[in-house]
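Trainee: The structure under discussion is supplied below as structure tokens; questions concerning it will follow.
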Amino acid sequence: MRRWWLAVAACVCACLCAAAEAKATTHHHTWNVTYQHRSPDCVTKLAVTINGESPGPTIRAAQGDTLVVTVHNMLETENTAIHWHGIRQIGSPWADGTAGVTQCPILPGETFTYRFVVDRPGTYMYHAHYGMQRVAGLDGMLVVSEPDGAAEPFAYDEERTVLLMDWWHKSVYEQAVGLASIPFAFVGEPQSLLINGRGVYNCSLSAASGGAGAGGGACNASGPECVWPTLFTAVPGKSPGKTSRLRIGSLTSLSSLSFGIEGHTMTVVEADGYYVKPVVVKNLFVYSGETYSVLVTADQDPSRSYWATSHIVSRDPTRRPPRAPPTPPPAGPAWNDTRSRVAQSNSFVALPGHVEPPPARPDRVLLLLNTQDKIDGHTKWAINGVSLQFPATPYLVAMKHGLRSEFDQRPPPDSYDHKNVSISSPPQAAATVRRAAYRLALGSVVDMVLQNTVIPANNRSETHPWHLHGHDFWVLGYGDGKFDPEADGWRLNARDPVMKNTVALHPMGWTAVRFRANNPGVWLFHCHLESHVYMGMGVVFEEGVDMLPRLPAAIMGCGRTKGHHY
Ligand code: C2O
Ligand code: CU
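Quick look at the structure:
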């Protein structure tokens, strides 16, 4: 079988799809979404759970399989919608789970069924995509294996999933209201970082700050949930010489992380569902929305255990209370060492034979300037002066049905004054909140260059992990300072770039990606930080909606789609 794989490496996609079709199965899941009292970090808080769990269950399927997930919204007072992060939803754009873009939210008491094919193997995730609901814990991992008989280009003895999150004691409502208020109240740094839904908050700190876990419920240091979880009983230490594959995903709401295992290196072999040329790292930088597979070999003293830790990078976390471990965990890299993070981003290239090379040139180039602006007194993020708004009528329905009053007919600008704009004092005052979308020619090749700037309010530039729905893109490169189409164009890597669905825009830098607009539907492209997209940091793409068949009635029922019989 292995030999067969190598022989067909050049036509990986076609061969595998055919192989997968033969044995494709359908997996059914039924989820009850409820609020529950949880203490993931020893502090009691309301969390949104799936069948009582947060994070929810890991979904497993093989390439080509169909997933059918029936979601009962039992939240009583709150809508929901669930996005399948990294699944392209080819032929099923209405199952993307993005409230306001691809569907009406699922109302309390109602049921919605997501049905879609997982067309590529890889490590993916799912999470709430309604308001800032992801912050409350509605998330989990989705693992798609190679179809039976297909070998992977690396070997390991066992595998684990590692879901990284950050966690606040303040409710998601308090956070969202603060962001939308005048004066603006930021969510602040998280109280805890969670690995597979667990962390340990130092209860003595919450007592010092007046108890109640700094905005949450009781902090119970002796509760059964308040212990450091053993993540990898077999790795490292307990099974010497064994190699484990860790499927790592980040669904942090704000934090960029460094993940590491004390005393061990990790070999990165997959990013966002694509194999990369193996890269050995001590610290893996993981941005919200990204997934990686790393191989770890238990080659250290087996008589002791080792820390697996996540640390905040890119934002100064010093106000975050230290954790209370039994022995001190190793320190992470310096939070503001942007250079080594950019270097690691640049170190990933495609594993030859496993990633289709990009088309030689784009049909259209979007230069996207990221700025924080004040709009009518509100603090917002804008892209080329347009701050995203999620309308009551989902863009998909509005565009397919020509409901012209439901979105702005003027598309947002393709570019900005890249010659004259200063990224250390970006233009202010011109931004507006608009319901607008880029209309892309179906099948066209689109380049996007994201340009970072300084936030005028604090004179800093942050990391923004940008995530594209409905497609994967080639990562053409990262650069420092202002992108200059003439000088920087030639520096782009069109030879062996990785494909991903999420990419970091580093502080004061630019990031260039290329994708093919070949998936009829309406798709969100946004910063994966929950507070940033809530403040408007995203754009919407439409391509080929006219080609779509009649939209399912189940996605309607809100805005102008109310009571319409389509
Ligand atoms: Cu993982 Cu639009 O998000
Ligand atoms: Cu952002």
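What the sequence shown shows, in mature numbering (1 follows the signal peptide of the UniProt record, and there is no 0), is residues -22 to -1, 1 to 544, in sequence order.
Ideal Cβ placement from N, Cα and C applies to all residues, glycine included.
Should the region 482 to 499 be called in touch with the region 433 to 449, which here means at least 3 C-beta pairs below 8 Å?
Mentor: yes
Trainee: If you measure from each residue's Cβ to the nearest non-hydrogen atom of the ligand CU, which ones come out under 7 Å, in chain order?
Mentor: W359, E440, H442, C505, L507, H510, M515
Trainee: Ordered along the chain, which non-local residues of its own chain (more than five positions away) have a Cβ less than 7 Å from that of R382?
Mentor: Walking along the sequence shown from the start, residue 382 turns up at place 404. So the list is empty, once near-sequence residues are dropped.
Trainee: DSSP state of W206, grouped into three classes?
Mentor: The residue labelled residue 206 in the question sits at position 228 within the sequence shown. W206 falls in the coil class under three-state DSSP.
Trainee: Please identify the residue among G457, H510, V113 whose C-alpha is closest to the C-alpha of A490.
Mentor: Numbered from its first residue, the sequence shown carries residue 490 at position 512. Looking at the Cα atoms, G457 is the closest of the given residues.
Trainee: Are P372 and I533 close, meaning C-beta to C-beta below 8 Å?
Mentor: The residue labelled residue 372 in the question sits at position 394 within the sequence shown. The residue labelled residue 533 in the question sits at position 555 within the sequence shown. Taking 8 Å as the Cβ cut-off, P372 and I533 qualify as a contacting pair.
Trainee: Would you please state the rounded distance, in angstroms, between the beta carbons of H105 and D117? I believe it to be under 8 Å.
Mentor: As a first step, residue 105 must be located in the sequence shown, where it is residue number 127. As a first step, residue 117 must be located in the sequence shown, where it is residue number 139. Right, their Cβ atoms sit about 4 Å apart.
Trainee: Report the three-state DSSP secondary structure of Q111 (helix, strand or coil).
Mentor: Numbered from 1 along the sequence shown, position 133 holds the residue referred to as residue 111. In the structure shown, Q111 sits in a helix (DSSP, three-state: H, G or I).
Trainee: Leaving out five residues before and five after P218 in sequence, what residues of the same chain have Cβ atoms less than 8 Å from its Cβ?
Mentor: To locate residue 218, count along the sequence shown from 1; it is residue 240. Cβ neighbours of P218 beyond the five flanking positions: A276, D277, P280.
Trainee: Cβ-heavy atom distance between T76 and the ligand C2O below 7 Å?
Mentor: What you label residue 76 is simply residue 98 of the sequence shown in a count that begins at 1. Indeed, a heavy atom of the ligand C2O lies less than 7 Å from the Cβ.
Trainee: Using only CA atoms, which one of E31, I226, Y284 lies nearest to E240?
Mentor: On the sequence shown, position 262 is the one that residue 240 refers to. Here the closest residue by C-alpha is Y284.
Trainee: Within the same chain, show all residues whose beta-carbon is closer than 8 Å to that of L142, passing over the 5 residues directly before and after it, in chain order.
Mentor: The residue labelled residue 142 in the question sits at position 164 within the sequence shown. The residues are L171, L172, I173, I226, G227, S228, L229, T230, L235, F237, V264, S288.
Trainee: Which residue or residues does DSSP assign as beta-bridge partners of F90?
Mentor: Taking the first residue of the sequence shown as position 1, residue 90 is located at position 112. According to DSSP, which records beta bridges pairwise, F90 is partnered with V49.
Trainee: Within 10 Å of its beta-carbon, does K1 have 16 or more other beta-carbons around it, so buried, or fewer, so exposed?
Mentor: For the purposes of this step, residue 1 is taken as the residue at position 23 of the sequence shown. The residue in question, K1, is exposed, as its Cβ has fewer than 16 Cβ neighbours within 10 Å.
Trainee: Does the region 465 to 473 come into contact with the region 521 to 540, if we say contact requires no fewer than three beta-carbon pairs (one atom in each stretch) closer than 8 Å?
Mentor: Not touching, per the Cβ criterion.
Trainee: Is L502 near the ligand C2O - that is, is its Cβ less than 7 Å away from at least one heavy atom of it?
Mentor: Position 524 of the sequence shown holds residue 502. L502: yes, Cβ under 7 Å from the ligand C2O.
Trainee: In the structure shown, what three-state DSSP assignment does K460 receive?
Mentor: Numbered from its first residue, the sequence shown carries residue 460 at position 482. DSSP places K460 in coil when its eight states are reduced to three.
Trainee: Tell me whether G251, by its Cβ, gets closer than 7 Å to a heavy atom of the ligand C2O.
Mentor: As a first step, residue 251 is located in the sequence shown; it is residue number 273 there, counting from the start. For the ligand C2O, not one heavy atom lies less than 7 Å from the Cβ of G251.
Trainee: Buried or exposed: S365, going by 16 or more other Cβ atoms within 10 Å of its Cβ?
Mentor: Start at 1 with the first residue of the sequence shown, and residue 365 comes out as number 387. By the neighbour-count rule (16 or more Cβ atoms within 10 Å), S365 is buried.
Trainee: In the structure shown, what three-state DSSP assignment does A531 receive?
Mentor: On the sequence shown, position 553 is the one that residue 531 refers to. Three-state DSSP puts A531 in a helix.
Trainee: By DSSP, does G215 sit in helix, in strand, or in coil?
Mentor: The residue you call residue 215 lines up with position 237 of the sequence shown. For G215, the predicted structure reports a pLDDT of 44, less than 50, and the residue's modelled location is therefore unreliable. A value from the coordinates is still provided. In this structure, G215 counts as coil in the three-state DSSP scheme.
Trainee: Check this for me: beta carbons of G100 and E248, under 8 Å apart or not?
Mentor: Position 122 of the sequence shown, counted from the start, is the residue given in the question as residue 100. Position 270 of the sequence shown, counted from the start, is the residue given in the question as residue 248. Yes.
Trainee: Compare the beta carbon distance of G514 and A360 with 8 Å and say whether it is the shorter of the two.
Mentor: Counting from one through the sequence shown, the residue named residue 514 turns up at place 536. Counting from one through the sequence shown, the residue named residue 360 turns up at place 382. Closer than 8 Å, so yes.
Trainee: Just reading off the beta strand (DSSP E) that R176 is part of, what are its end residues?
Mentor: Working through the sequence shown from its first residue, we reach residue 176 at position 198. Segment: none, R176 is in no beta strand (DSSP E) and carries neither H nor E.
Trainee: Taking only heavy atoms of the ligand C2O into account, decide whether any of them is closer than 7 Å to the Cβ of R449.
Mentor: Position 471 of the sequence shown holds residue 449. It is His, not Arg, that sits at residue 449 in the sequence shown. Outside the cutoff, so no.
Trainee: Mind checking which residues open and close the alpha helix (DSSP H) that includes H147?
Mentor: Reading the sequence shown from its first residue, position 169 is the one you call residue 147. Neither: H147 is in no alpha helix (DSSP H) and is coded neither H nor E.
Trainee: Rounded to the nearest angstrom, how far is the Cβ of G115 from that of V26, given a contact under 8 Å?
Mentor: For the purposes of this step, residue 115 is identified with residue 137 of the sequence shown, where counting begins at 1. For the purposes of this step, residue 26 is identified with residue 48 of the sequence shown, where counting begins at 1. The pair is a contact, with the Cβ atoms about 5 Å apart (cut-off 8 Å).
Trainee: Would you check if the distance between the CB atom of T357 and the CB atom of Q367 is smaller than 8 Å?
Mentor: Residue numbering aside, residue 357 sits at position 379 when the sequence shown is read from its first letter. Residue numbering aside, residue 367 sits at position 389 when the sequence shown is read from its first letter. Not a contact, by the Cβ cut-off of 8 Å.
Trainee: Using DSSP's beta-bridge definition, name the partner residues of Y102.
Mentor: Within the sequence shown, numbered from 1, the residue matching residue 102 stands at position 124. According to DSSP, Y102 bridges with L120.
Trainee: Alpha carbon to alpha carbon, how far is S292 from S233? Give it in angstroms, no decimals.
Mentor: Numbered from its first residue, the sequence shown carries residue 233 at position 255. Numbered from its first residue, the sequence shown carries residue 292 at position 314. If I take the Cα positions, the gap works out to 8 Å.
Trainee: Check whether the Cβ of G267 sits closer than 7 Å to any heavy atom of the ligand C2O, and report yes or no.
Mentor: Looking up residue 267 in the sequence shown gives position 289. G267 Cβ: within cutoff of the ligand C2O.
Trainee: Between which two residues does the beta strand (DSSP E) containing L352 stretch?
Mentor: Along the sequence shown, read from residue 1 onward, the residue named residue 352 stands at position 374. Reading off the sequence shown, one finds Lys at residue 352, where the question assumed Leu. It spans 342 to 353 - the beta strand (DSSP E) in which K352 sits, taken as one unbroken run.
Trainee: Answer yes or no: do S271 and L345 have a C-beta to C-beta separation smaller than 8 Å?
Mentor: Within the sequence shown, residue 271 is the residue found at index 293, counting from 1. Within the sequence shown, residue 345 is the residue found at index 367, counting from 1. Not in contact: S271 and L345 (Cβ atoms no closer than 8 Å).
Trainee: Looking at the ligand C2O, does it come within less than 7 Å of H484, judged from the CB to the closest heavy atom?
Mentor: The count along the sequence shown starts at 1 and reaches residue 484 at position 506. Not so, every heavy atom of the ligand C2O lies at least 7 Å from the Cβ.
Trainee: Is H107 near the ligand C2O, judged by its Cβ being under 7 Å from some heavy atom?
Mentor: By 1-based counting over the sequence shown, the position of residue 107 is 129. Yes; taking the cut-off as 7 Å, the Cβ of H107 has a heavy atom of the ligand C2O nearer than that.
Trainee: Shortest alpha-carbon distance to T4 belongs to which of P475, Q41, G195, T80?
Mentor: As a position in the sequence shown, residue 4 is number 26, starting the count at 1. Nearest of P475, Q41, G195, T80 to T4, Cα basis: Q41.
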